[in-house]
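Asker:
Residue numbers (the numbering used here): 6 to 282.
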């Protein structure tokens with residue numbers, strides 16, 4: 006046999022063996038591939054089921070997330086509304102704070118003004134108080150001086166009254182000695198009596214009499230303890246004017262004649278009538 010033929014036979018045998026091996030390998034691979042394909046299909050089915058379940062879960066999660074997003078959005082909107090409301094309240098409160106600050110400044114200014122007024126008034130009151138103390142001290146000194154002068158005047162008046170009474174008694178005594186002789190009697194011969202102690206009345210009128218001596222009307226009578234022939238003094242502003250003797254006494258009125266009168270004087274209505282000292 007030719008070598009080439011041998012080579013071809015050998016090559017064919019080898020190729021046959023290779024083809025058989027490849028067939029066996031292919032058959033084995035086909036079975037394996039089919040098994041793998043079946044497994045892959047099973048896995049794909051399982052994956053599809055899992056995917057479907059996952060999609061359903063994702064759908065539920067999506068719905069939950071959408072609901073949460075909606076709730077969050079609503080909450081955000083509510084918070085935004087609250088924020089706007091709080092901003093409005095803050096603005097209002099800030100306006101109130103500004104107003105209160107302005108009022109505080111105004112009140113502090115008023116307080117400072119009041120304090121200044123109080124300080125001024127305090128100083129004025131202190132000055133017035135010091136002046137009042139000085140005035141009171143001056144008044145006390147003047148009052149003491151007035152009391153001393155008043156006491157001195159009262160003493161002098163008492164001395165003057167005593168001297169006037171003594172002088173009047175002397176003058177009347179001289180007149181009686183010159184006109185009627187001794188004895189304290191009226192022209193009709195009746196003894197003169199003193200009036201009640203502390204008696205006071207007023208001259209209500211003066212009438213001339215035919216004898217030339219004025220008749221003195223007195224607004225007091227027997228109801229006041231007066232009686233005829235009582236002797237009274239008539240004074241004006243503390244000065245002695247005349248001495249009179251009652252000539253007629255009614256219940257509430259009396260008539261007296263002038264017994265002696267101070268030189269240059271005249272009895273007038275309104276003069277005081279009193280008991281002799």
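Note that beta-carbon positions come from the ideal geometry of N, C-alpha and C, so glycine has one too.
Values in this document were obtained by computation on a predicted structure and should not be read as measured data.
If we ignore side chains and look at the alpha-carbon of each, how far apart do residue 15 and residue 24 end up?
Answerer: The residue you call residue 15 lines up with position 10 of the chain shown. The residue you call residue 24 lines up with position 19 of the chain shown. Taking the straight line from one Cα to the other gives about 14 Å.
Asker: Please classify residue 251: does DSSP put it in a helix, a strand, or coil?
Answerer: The count along the chain shown starts at 1 and reaches residue 251 at position 246. In the structure shown, residue 251 sits in a strand (DSSP, three-state: E or B).
Asker: Enumerate in chain order the residues of its own chain whose CB-to-CB distance from residue 91 is below 7 Å, with the five nearest sequence positions on each side excluded.
Answerer: The count along the chain shown starts at 1 and reaches residue 91 at position 86. Around residue 91: no qualifying Cβ.
Asker: Roughly how many angstroms lie between the CA atoms of residue 71 and residue 65, to the nearest whole one?
Answerer: Locating residue 71 in the chain shown gives position 66, where the first residue counts as 1. Locating residue 65 in the chain shown gives position 60, where the first residue counts as 1. Distance between the alpha carbons of residue 71 and residue 65 is about 10 Å.
Asker: Per DSSP, residue 46 is paired with what?
Answerer: Counting from 1 along the chain shown, the entry for residue 46 is found at position 41. None; residue 46 has no bridge partner.
Asker: Would residue 152 pass as a contact of residue 221 if the rule is Cβ separation under 9 Å?
Answerer: Against the chain shown, residue 152 aligns to sequence position 147. Against the chain shown, residue 221 aligns to sequence position 216. In this structure, residue 221 does not lie closer than 9 Å to residue 152 by Cβ.
Asker: Cα separation between residue 214 and residue 253?
Answerer: Along the chain shown, one-based indexing puts residue 214 at 209. Along the chain shown, one-based indexing puts residue 253 at 248. Residue 214 and residue 253: Cα-Cα distance of roughly 14 Å.
Asker: In chain order, what residues of the same chain have a beta carbon less than 6 Å from the beta carbon of residue 237, not counting five sequence neighbours either side?
Answerer: One-based indexing of the chain shown puts residue 237 at position 232. So the list reads 200, 249 and 278, once near-sequence residues are dropped.
Asker: Which ranges does the beta strand (DSSP E) cover as unbroken runs of at least 3 residues, wholly within the region 216-252, from first to last along the chain?
Answerer: Within the region 216-252, the complete beta strand (DSSP E) runs of at least 3 residues fall at 220-223 and 235-241.
Asker: In whole angstroms, give me the CA-to-CA distance for residue 38 and residue 22.
Answerer: Against the chain shown, residue 38 aligns to sequence position 33. Against the chain shown, residue 22 aligns to sequence position 17. Whole-angstrom Cα-Cα distance: 23 Å.
Asker: Check residue 113 in the structure and name its three-state DSSP category.
Answerer: Residue numbering aside, residue 113 sits at position 108 when the chain shown is read from its first letter. Residue 113 falls in the helix class under three-state DSSP.
Asker: Less than 9 Å between the beta carbons of residue 225 and residue 258, yes or no?
Answerer: Indexing the chain shown from 1 puts residue 225 at position 220. Indexing the chain shown from 1 puts residue 258 at position 253. The Cβ-Cβ distance between residue 225 and residue 258 falls below 9 Å.
Asker: Could you give the distance in angstroms between the alpha-carbon of residue 160 and the alpha-carbon of residue 203?
Answerer: Taking the chain shown and counting its residues from 1, one reaches residue 160 at position 155. Taking the chain shown and counting its residues from 1, one reaches residue 203 at position 198. Answer to the nearest angstrom: the Cα atoms are 20 Å apart.
Asker: I believe residue 219 touches residue 211 by the beta-carbon criterion, under 8 Å. Please report the beta-carbon distance rounded to the nearest angstrom.
Answerer: Here residue 219 corresponds to residue number 214 of the chain shown, with the count starting at 1. Here residue 211 corresponds to residue number 206 of the chain shown, with the count starting at 1. Contact holds; Cβ gap of about 5 Å.
Asker: Reducing DSSP to helix, strand and coil, say where residue 106 ends up.
Answerer: For the purposes of this step, residue 106 is taken as the residue at position 101 of the chain shown. Helix at residue 106.
Asker: Please confirm whether residue 247 and residue 280 have their CB atoms less than 9 Å apart.
Answerer: Taking the chain shown and counting its residues from 1, the one referred to as residue 247 is at position 242. Taking the chain shown and counting its residues from 1, the one referred to as residue 280 is at position 275. No, these two residues do not count as a Cβ contact at 9 Å.
Asker: Roughly how many angstroms lie between the CA atoms of residue 20 and residue 28, to the nearest whole one?
Answerer: Mapped onto the chain shown, residue 20 falls at position 15. Mapped onto the chain shown, residue 28 falls at position 23. Residue 20 and residue 28: Cα-Cα distance of roughly 12 Å.
Asker: Taking only three categories from DSSP, how would you classify residue 259?
Answerer: On the chain shown, residue 259 is found 254 positions in, with the first residue counted as 1. Note: residue 259 maps to strand in three-state DSSP.
Asker: If you draw a straight line from the alpha carbon of residue 87 to that of residue 59, how long is it in whole angstroms?
Answerer: Here residue 87 corresponds to residue number 82 of the chain shown, with the count starting at 1. Here residue 59 corresponds to residue number 54 of the chain shown, with the count starting at 1. In this structure, the straight-line span from the alpha carbon of residue 87 to that of residue 59 is close to 40 Å.
Asker: In whole angstroms, what separates the C-alpha of residue 82 from that of residue 69?
Answerer: Here residue 82 refers to the residue found at position 77 when the chain shown is read from its first residue. Here residue 69 refers to the residue found at position 64 when the chain shown is read from its first residue. The straight-line gap separating the alpha-carbon atoms of residue 82 and residue 69 is approximately 19 Å.
Asker: Among 266, 229, 228 and 260, which has the Cα closest to the Cα of residue 240?
Answerer: Position 235 of the chain shown, counted from the first residue, corresponds to residue 240. Nearest of 266, 229, 228 and 260 to residue 240, Cα basis: 266.
Asker: What three-state label does DSSP hand residue 133 in the structure shown?
Answerer: The residue you call residue 133 lines up with position 128 of the chain shown. DSSP places residue 133 in helix when its eight states are reduced to three.
Asker: What is the DSSP secondary structure of residue 53, reduced to helix, strand or coil?
Answerer: Along the chain shown, read from residue 1 onward, the residue named residue 53 stands at position 48. Helix.
Asker: On the DSSP bridge list, what partners appear for residue 278?
Answerer: Against the chain shown, residue 278 aligns to sequence position 273. DSSP, once it has assigned bridges, lists 206 and 239 as partnering residue 278.
Asker: Is residue 157 helix, strand or coil when you go by DSSP?
Answerer: One-based indexing of the chain shown puts residue 157 at position 152. The answer is helix: DSSP assigns residue 157 an H, G or I state.
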